[in-house]
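These protein sequences, in sequence, are chains A and B.
Residues in the first sequence are numbered from 1 upward in steps of one, following our numbering.
Residues in the second sequence are numbered from 1001 upward in steps of one, following our numbering.
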Amino acid sequence: MGGAAIVKLRPSPLVCRQAVELMSDYLDGALSGRDTRRLEKHLAVCESCRTYLEQLRLTISLSGSAGPDDLEPAALAELVDVFRKFRGGPDASSENDHA
Amino acid sequence: MDDLTLVTRLLDGDEVAFRDLVTRYHRSLVRIARYYVVSESSAEDVVQETWLAVLRGLANFEHRSSFKTWLFSILVHRARSSGVRERRTVTLDFSNESTVAESRFDQRGVWCEPPVPFTDAVDSRLTNGPLAALVRECIAELPEPHQAVITLRDVEGLSTTEVASLLELSDANVRVILHRARARVRTAVEARWEVQPS
Ligand SMILES: [Zn+2]
């Protein structure tokens, strides 16, 4: 009888379709303890979900990488103008250094 | 060079430090401004106003938050006030959008078309260049508010709570939007990335 009660309380196992919905929060440490255990149990036996998790982790870590073409030279020149005017220095538009 | 070093130099009037900071944050600042204003040129204006406000306020910046958080809070404040008239209506859609196409699972909910690793190379320097470029491209194609949330959280590394407070959303909503944004980026990358042979 006691055994039956324990079985009833045990969280139901996840299938892959449910597991992927928990992974973003899992990576941020925002899952409840119960959901963390359910997900980790699933990941232990499911290689495809481990692959999905790794793709997500890689995607997130690459999001923070800087790109080479983020700021156009003309936009930078305008901003440097703002800086020089603020500093009371020479007008940047009359110069063409630091290209 | 870290932000704190650049900020210290900027306080001394170092133009190179200003250029470095401006370059470092431009893409993200424009993106967050675009969450509030309609046009690219309005967004560029907001970014310029923000830097002017930073220059004016820097001497009084008390480091209670990181420079980055302070910078984005100035931007959001300015974007919000200039975006009042042109602000797009951003509707938060919390319908049951699944993050992975249903067709990828069988009737039990088990993968029938499982994901293939983007790379299995231990040394991933080769793949990370082009893969990182593809990730950036896919983020830039996200709709709002996904793009704003993923930019502040994953590109700039602010905490969920900081993102929530900047964008005036609840922590729970930020997590839901982030979850969907990340899943969309993963899916878009998966569709375009050619797995590198090992
Ligand atoms: Zn699975």
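Just so it is clear, CB atoms sit at the ideal spot from N, CA and C, and this is done for glycine as well.
With a threshold of 7 Å, the Cβ atom of A:A19 counts as near ligand 1, since some heavy atom of the ligand is closer than that.
Those residues of the stretch 1156-1167 of chain B placed with their C-beta closer than 7 Å to a C-beta in chain A are G1157, T1160, ordered along the chain. Those residues of the stretch 21-43 of chain A placed with their C-beta closer than 7 Å to a C-beta in chain B are E21, S24, D25, D28, A30, ordered along the chain. Counting along the chain, the unbroken alpha helix (DSSP H) around A:L22 starts and ends at 16-27. When Cβ-Cβ separations below 8 Å define contact, A:G64 makes contact with chain B.
Note: B:W1193 is not bridge-paired with any residue in the DSSP secondary-structure output. For A:P13, same chain residues with a beta-carbon under 8 Å away, outside a window of 5 residues either side, are R38, K41, H42 in chain order.
If you check each beta-carbon in the stretch 1130-1141 of chain B against every beta-carbon of chain A, the ones closer than 8 Å belong to L1131, A1132, A1133, V1135, R1136, I1139. Sorting B:M1001, B:T1069, B:D1012, B:L1010 by C-alpha distance to the C-alpha of B:L1029 places B:T1069 at the top. Judged by pairs of C-beta atoms under 8 Å, the stretch 1100-1111 of chain B does not touch the stretch 1062-1077 of chain B, as fewer than three such pairs exist. Residue pairing for B:W1111: DSSP places it in a beta bridge opposite B:F1105. At least one C-beta of chain A is nearer than 8 Å to the C-beta of B:T1023.
In this structure the stretch 1001-1009 of chain B does not lie against the stretch 1169-1186 of chain B, because fewer than three pairs of beta carbons, one per stretch, are closer than 8 Å. Listed in chain order, the non-local C-beta contacts of B:L1142 below 8 Å within the same chain comprise I1150, A1181, R1184, V1185, local neighbours out to five positions each way being set aside. Around the beta carbon of B:L1058, a 10 Å sphere encloses fewer than 16 other beta carbons of the protein chains shown; the residue is thus reported as exposed. Comparing C-alpha distances from A:C46 to each of A:D81, A:A77, A:A19 shows the shortest one belongs to A:A19. Between B:R1024 and A:L76, the C-beta spacing is not below 8 Å. The Cβ atoms of B:L1166 and B:V1047 lie no closer than 8 Å to each other. Under the Cβ criterion of 8 Å, B:P1115 is counted among the residues facing chain A. Taking CB atoms only, A:V82 has a neighbour in chain B less than 8 Å away. From the beta-carbon of B:R1064, no residue of chain A is found nearer than 7 Å; the closest lies around 24 Å away.
Considering only B:S1041, B:H1146, B:S1098, the residue with the shortest C-alpha distance to A:E78 is B:S1041. Per DSSP, B:D1003 is one residue of the alpha helix (DSSP H) stretching across 1003-1011. Within chain B, the residues placing a beta-carbon under 9 Å from that of A:V15 are F1105, R1108, G1109, V1110, ordered along the chain. As for any alpha helix (DSSP H) of minimum length 4 sitting wholly inside the stretch 1026-1079 of chain B, the runs are 1040-1057, ordered along the chain. At least one heavy atom of ligand 1 lies closer than 7 Å to the C-beta of A:S48.
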